[in-house]
Amino acid sequence: MSFKSIVRELREMKDGIGSISRRGMEGRRWRNRTRSHIAPEVSHFDPDQQGQWANLPSELLLDIIRRVEESETSWPARTVVVFCASVCKSWREVTKEIVKTPEECGRLTFPISLKQPGPRESPIHCFIKRDRANSVYRLYFGLTPSEDESDKLLLAAKRTRRATSTEFVISLVGDDFSRASSTYVGKLRSNFLGTKFIVYDSQPPSDAAIQHCGQLSRRFSVKQVSPTVPACNYSVATINYELNVLRTRGPRRMHCAMHSIPFSSIQKGGSAPTPKSFPQSFDEKSSPPPVSKSKEPIVDISLPGFSSSTMSLLSREPLVLKNKAPRWHEQLQCWCLNFKGRVTVASVKNFQLATAVDPSQNIPVAVQETVILQFGKIGKDIFTMDYCYPLSAFQAFAICLSSFDTKPACE
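Those letters in the sequence shown? Residues 6 to 416, by our numbering.
The following block contains the structure:
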């Protein structure tokens, strides 16, 4: 059997999953959606129920999935790898065993890849489209937008202006921004002046619940949602823009404290938290206790239900990022940064982030100069976003969203 015939049969796998027509319709509808976005890790059939495809010899199954994973390196062809994990339980386990994290292979596959650190060597290239009419921002995978609009949607965010703040709700899909939905992945909230932002994650970035200053915010009452939807927001980062009270000429200056990423992650032998899957349910012990009717209840991490490992993680020094200082170009009469061709339009929103290191920390110069995240404009309502280790796509997207908010006190 040729490789092309194997791929063709994988696309028609609904015939092998079972004889129930409804299940086939759901699989076909899921395949159409994956062309526009990464769907949440929710199975449309009973994972314990096996079809005729599960009877393949384990050696042959392993070889097939490994060949598919190695050959399909970019979207939309990479959807075949996701199809393999959708056949049955045994196929899913083998696929998850073969597919590596973005840090190891530089590829995005399953939805959880968006919460995992990017590659160390070269950045992952993405771009953001801004919909001014609906205040929606969509993150796509790829160098530049395609003409046939078959771009791979990774994340989407919707901005909501409130009396005292601005909030961006981030979702896996581009048409559902409900915080009670299973597609909800986090949010970004600003202060009144737009100079400080807090990034909230719908799940802890590791097995332990990591929160800034020992606090987490309750999204809604646990009784209002199903047990499969997490009911907490974990504060994982703080973004600060320096005030420009004297209105001096110059670009924005920003600092990002990544509370979920320890500083040791950029040191030799260090590693960043890497979640393996989205939480399906929360233990009653880890759920916050009943709260009052206040808008944003706060729970102390010292309350019962938080482990000692959580406290040790919180005591670690967080990774701090700062924007690289641009240079003034006399001929162009503007501030310039070397974006290596990825940014073509001058904008106050453009920035590059690198590690803020103290000289006493003995970090190599190459590591200090490495651009971890860069963001810039390439056209009307189109921006590029390139990120690498130790940031994840979700964290990088949230930081870039902060640049879209109005900041009269910083410019």
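Ideal Cβ placement from N, Cα and C applies to all residues, glycine included.
Note down, in chain order, each residue of its chain lying with its Cβ closer than 7 angstroms to the Cβ of residue i, except the 5 sequence neighbours on either side.
| i | result |
| --- | --- |
| Thr-349 | Ile-383 |
| Pro-323 | Ala-262, Met-263, His-264, Ile-266, Pro-267, Phe-268 |
| Ser-270 | Ser-276, Ala-277, Leu-324, Pro-395 |
| Glu-77 | Arg-83, Val-85, Val-86 |
| Leu-67 | Val-99 |
So, helix, strand or coil for residue i, using DSSP?
| i | result |
| --- | --- |
| Phe-132 | strand |
| Glu-172 | strand |
| Ser-407 | helix |
| Lys-101 | helix |
| Asp-206 | strand |
| Arg-194 | strand |
| Arg-71 | helix |
| Gln-400 | helix |
| Ile-43 | In this predicted model, Ile-43 has a pLDDT of only 47, less than 50, meaning its place in the structure is not dependable; the value taken from the coordinates is given anyway. Note: Ile-43 maps to coil in three-state DSSP. |
Opposite residue i in the DSSP bridges: which residues?
| i | result |
| --- | --- |
| Thr-165 | Glu-172 |
| Val-141 | Asp-136, Lys-163 |
| Pro-267 | Pro-323 |
| Lys-157 | Phe-146 |
| Ala-262 | Thr-243, Val-325 |
| Arg-332 | Cys-341 |
| Tyr-394 | Tyr-394 is not bridged to any residue. |
| Lys-201 | Asn-245 |
Less than 6 angstroms between C-beta atoms, sequence neighbours within five positions excluded: which residues of the same chain meet that for residue i?
| i | result |
| --- | --- |
| Ser-445 | The chain is shown only over 6 to 416; residue 445 falls outside these bounds and no answer can be derived. |
| Ile-70 | Cys-89, Val-99, Thr-100, Ile-103 |
| His-130 | Leu-148, Asp-391 |
| Ser-186 | none |
| Glu-247 | Arg-258 |
| Asp-206 | Gly-191, Tyr-239, Val-241 |
| Arg-40 | Any reading at Arg-40 must be qualified, since the residue scores a pLDDT of 45, below 50, and its modelled position is unreliable; no value is offered. |
By Cβ distance below 8 angstroms, which residues in the same chain neighbour residue i in space, the five residues on each side in sequence not counted?
| i | result |
| --- | --- |
| Gln-272 | Ile-368 |
| Arg-167 | none |
Just checking: is the beta-carbon of residue i within a distance shorter than 8 angstroms of some beta-carbon in chain E?
| i | result |
| --- | --- |
| Arg-135 | As a matter of chain content, chain E is missing from the structure shown, which is built from one protein chain. |
I'd like the ranges of any alpha helix (DSSP H) spanning at least 4 consecutive residues and lying wholly in the stretch 339 to 390. Taking only runs of at least 4 residues, the alpha helix (DSSP H) segments lying wholly in the stretch 339 to 390 are 370 to 374.
Would you call the stretch 102 to 111 in contact with the stretch 134 to 148, where contact means no fewer than 3 C-beta pairs closer than 8 angstroms? Too few Cβ pairs lie closer than 8 angstroms, so no.
Check whether the stretch 356 to 363 and the stretch 371 to 380 are in contact - that is, three or more C-beta pairs closer than 8 angstroms. Taking a cut-off of 8 angstroms for Cβ pairs, the stretch 356 to 363 and the stretch 371 to 380 touch, as three or more such pairs fall below it.
Per the contact definition of three or more C-beta pairs closer than 8 angstroms, is the stretch 117 to 124 in contact with the stretch 393 to 400? Touching, yes, given that three or more Cβ pairs across the two stretches are closer than 8 angstroms.
Is there contact here, the stretch 328 to 342 with the stretch 266 to 278, by at least three beta-carbon pairs under 8 angstroms? The stretch 328 to 342, when compared against the stretch 266 to 278, does not touch it at the 8 angstroms Cβ threshold.
The stretch 190 to 210 in contact with the stretch 140 to 154 per 3-pair CB rule at 8 angstroms: Three or more Cβ pairs closer than 8 angstroms define a contact, and the stretch 190 to 210 falls short of that threshold against the stretch 140 to 154.
Could you tell me whether the stretch 82 to 101 touches the stretch 172 to 181, where touching means 3 or more Cβ pairs closer than 8 angstroms? These segments do not touch.
In chain order, which continuous runs of the alpha helix (DSSP H) of length 4 or greater are located wholly inside the stretch 75 to 125? Unbroken alpha helix (DSSP H) stretches of 4 residues or longer found wholly inside the stretch 75 to 125: 84 to 90, 94 to 103, 107 to 110, given in chain order.
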